[in-house]
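Under my numbering, think of the first position of the sequence shown as 19, with each following residue one higher. Idealized CB from N, CA, C, for every residue including glycine. Note that the structure is a prediction, hence the values are computed from the model and not measured.
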Amino acid sequence: MKKLWLLILLLIIPICTYAVELPQLYSTNVLVYDLTEDKILHEINASEKRNVASLTKIVTTITAIENIPDLDQKVTVTSQMLAGIPWDASIAGLQVGDELTIRDVLYASILPSGADATHVLAFTSAGSVPKFVDKMNELAKKVGANDTHFVNVTGYDVDNHYSTARDMLKILKYALSNQTFREIYCTKEHMMSNGKIVKATVLKYNETMHLDISRILGSKTGFTDNAGICISALINSNGHEIIIITLNAPYTNGMAYNLIDALSIIKFMDQNYNEQPLLAKGQVVKDIDVKISNIDKLSIKGDKLITKYLPIDYDKDKVKIDYEGKNSVSFLNKEGSKLGTLKVYYDGELIGEDEVILDQKIKLSIPKLIKEYYLFFLGIIILIILLFISHRHKHKRHRK
């Protein structure tokens, strides 16, 4: 009976866990990362090896950018370049004889996820797809994506072609540090030099869904039978750049659940993460003694707002504010002088500092001065009296 009552109490009493949880998602592998502060915020099965479909083209594109010196050079599409592309792979519509800049082909790789574009990049950079794939694997190792191995430049389902959400984060984070890649990744529509327009796949998926995707600043999607439908996305939520990576969502009846998951995560981040005030302007941290003045205590308080990007249910017990400075003041301390420093910590990490300045004039209190040093003053008075008596005594002797 006691066990039953204990179970009931556990069910009805709320338990504070200080950790907001992601909403229910369709994707089996999820990672949410704060690019602004270089911190993983949420992850689900992020280290599981999976086929990542056309997210592979993130690696293809950044590898090409780094290995082709002149991105504005012209390249002519050949039949050799387009050979070997699977019949059901997504393409950008490049044709034999098309003359384009490498920059055009980079856009065609990321936006419409063109397998034809990735083949052109591979041949232009390395002379063949296998040699270019070697460069892709070298880049993956360089950024620490040790649970990743590529076999092709498209992400098409083949044995031994895999990555993880964590590794794709490492690669995308590295790629976004390249300004050319970032510009391409954050473009939804581009007109190539031959007049053909290429559009981001999120626009294609959204043609039947009619969702508001304006918050997705940049993206790369992917879909194969083994990988499911995937997305990597860059967003901005409450002043922070956030990377979202989801793998293995279903794609049925024209519904791209990777896109639905991305929008759910955006809403979740907007509602649950923000700059939380750890030290408010004017917040009193402690009081220090004021000697021989008209006031007894002086409040040590913050002069500026210090915040930390945290969930709304952050653990307030992890906030620590240390004051390093004077523990007492008097009328000798001048208005505008520095008293010390406030240091604000969250979970042991120093978040910010604030100087403490004396913002008022401290006046001398004569009654308190006398009370504080009454023995001294009493001694002075007694000494004066004794000197007076001694002087009188000497004066009388002199007269005699």
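Contacts around residue i, its chain only, beta-carbon distance under 6 Å, and the 5 residues preceding and following it disregarded
i	result
Leu382	Phe349
Leu357	Gly343, Lys344, Val374, Leu376
Phe141	Met99
Asp365	Lys336
Glu61	Leu49
Arg184	Ala64, Ser65
Ser317	Val302, Asp305
Ala110	Ala126, Pro130, Gly132, Asp134, Ala135, Val216
Leu124	Thr79, Ile202
Thr226	Gly272
Reference residue i; option with closest CA among the options
i	options	result
Val220	Ser250, Lys160, Asp243	Ser250
Leu439	Glu201, Lys92, Val337, Ile402	Because the chain spans 19 through 418 in this model, residue 439 falls outside it and cannot be assessed.
Tyr180	Leu194, Ser195, Asn164	Asn164
Lys66	Asn47, Ile407, Ile231	Looking at the sequence shown, residue 66 is not Lys but Glu. Comparing Cα positions, the closest option is Asn47.
Val171	Ser282, His137, Tyr275	His137
Thr270	Gly246, Ile313, Glu84, Ala133	Gly246
His167	Ala71, Pro329, Thr226	Ala71
Glu353	Ile380, Lys191, Thr198	Ile380
Val38	Gln289, Ile324, Ile402	Gln289
Asp372	Asp321, Ile330, Leu401	Asp321
Ala12	Asn292, Gly300, Lys285, Asn266	Since the first residue shown for the chain is 19 and the last is 418, residue 12 is missing from the structure and cannot be characterised.
Leu229	Gly257, Leu277, Lys191, Thr242	Leu277
Leu40	Tyr174, Pro87, Phe286, Gln197	Phe286
Leu112	Gly370, Leu401, Ala135	Ala135
Ser232	Val114, Leu281, Gln294, Ile403	Leu281
Leu89	Gly397, Gly236, Val161, Ile202	Ile202
Gly236	Cys204, Asp243, His258	Cys204
Ala107	Leu194, Ile83, Phe241	Phe241
Asp243	Asn69, Lys214, Gly397, Met273	Asn69
Gly272	Cys248, Ile310, Ser311, Lys222	Lys222
Pro104	Lys214, Gly173, Lys412, Ile189	Gly173
Ile189	Ile253, Ile400, Val77, Ser408	Val77
Asn224	Gln378, Gly102, Ala274	Ala274
Ile313	Leu252, Ile384, Glu259	Ile384
Residue i: first and last residue of the uninterrupted beta strand (DSSP E) it sits in
i	result
Lys75	It is not in any beta strand (DSSP E) - Lys75 instead sits in the alpha helix (DSSP H) that spans 74-85.
Tyr364	356-364
Ser65	First-last for Ser65: undefined, no H or E at that position.
Phe141	From DSSP, Phe141 is part of no beta strand (DSSP E) but of the alpha helix (DSSP H) over 133-144.
Met209	207-209
Ser250	246-255
His258	258-267
Glu353	Neither: Glu353 is in no beta strand (DSSP E) and is coded neither H nor E.
Asn47	47-52
Val93	92-94
Glu367	367-375
Leu316	315-319
Leu229	Counting along the chain, Leu229 falls outside any beta strand (DSSP E), and DSSP gives it neither H nor E.
Gly343	337-343
Ser237	236-242
Leu328	324-329
Asp307	302-308
Alpha helix (DSSP H) segment containing residue i, residue limits
i	result
Glu201	197-203
Met99	97-100
Thr219	219-223
Phe286	275-290
Leu124	120-128
Integer-rounded CB distance, given that residue j should sit under 8 Å from residue i
i	j	result
Ile263	Leu187	6 Å
Asn351	Leu376	6 Å
Asp279	Ser45	5 Å
Leu297	Leu360	7 Å
Tyr327	Asp56	With a Cβ gap of about 11 Å, Tyr327 and Asp56 do not count as contacting.
Lys315	Val302	The pair is not a contact, with the Cβ atoms about 10 Å apart (cut-off 8 Å).
Thr81	Lys153	5 Å
Lys75	Lys238	6 Å
Lys7	Ile261	Limits of the chain in this structure are 19 at one end and 418 at the other, which puts residue 7 out of reach.
Leu362	Val308	Rather than Leu, the amino acid found at residue 362 in this sequence is Val. The Cβ separation is near 25 Å, so there is no contact.
Close beta carbons around residue i, own chain, < 7 Å, minus the five adjacent residues each side
i	result
Trp23	Caution applies to Trp23, whose pLDDT of 43 falls short of 50 and renders its modelled position unreliable; the value that the coordinates give is listed next. Cβ within range, chain order: n/a, list empty.
Lys217	Leu129, Pro130, Lys206, Glu207
Ser255	Ile284, Met287, Asp288, Tyr291
Tyr36	Per-residue confidence for Tyr36 stands at a pLDDT of 46, beneath the threshold of 50, marking its modelled position as unreliable; the derived number appears in the next sentence. Taken in chain order, the residues that qualify are Asp331, Tyr332, Asp333.
Val114	Val95, Thr96, Ser97, Leu100
Gln294	Thr325, Lys326, Leu328, Tyr332
Short CB-CB distance (under 8 Å) between residue i and chain D
i	result
Lys356	Of the chains in the structure shown, none is chain D; there is only one protein chain.
Residues of its chain near residue i, where Cβ-Cβ distance is below 8 Å and the 5 sequence neighbours each way are ignored
i	result
Asn212	Asp116, Glu117, Leu118, Asp122
Ser146	Ala140
Lys299	Gly320, Asp321, Lys322, Leu323
Ile86	Ile120, Leu139, Thr142, Ser143
Asn178	His167, Val169
Q. What are the complete alpha helix (DSSP H) segments, minimum 4 residues, inside the region 146-194?
A. 147-160, 183-194
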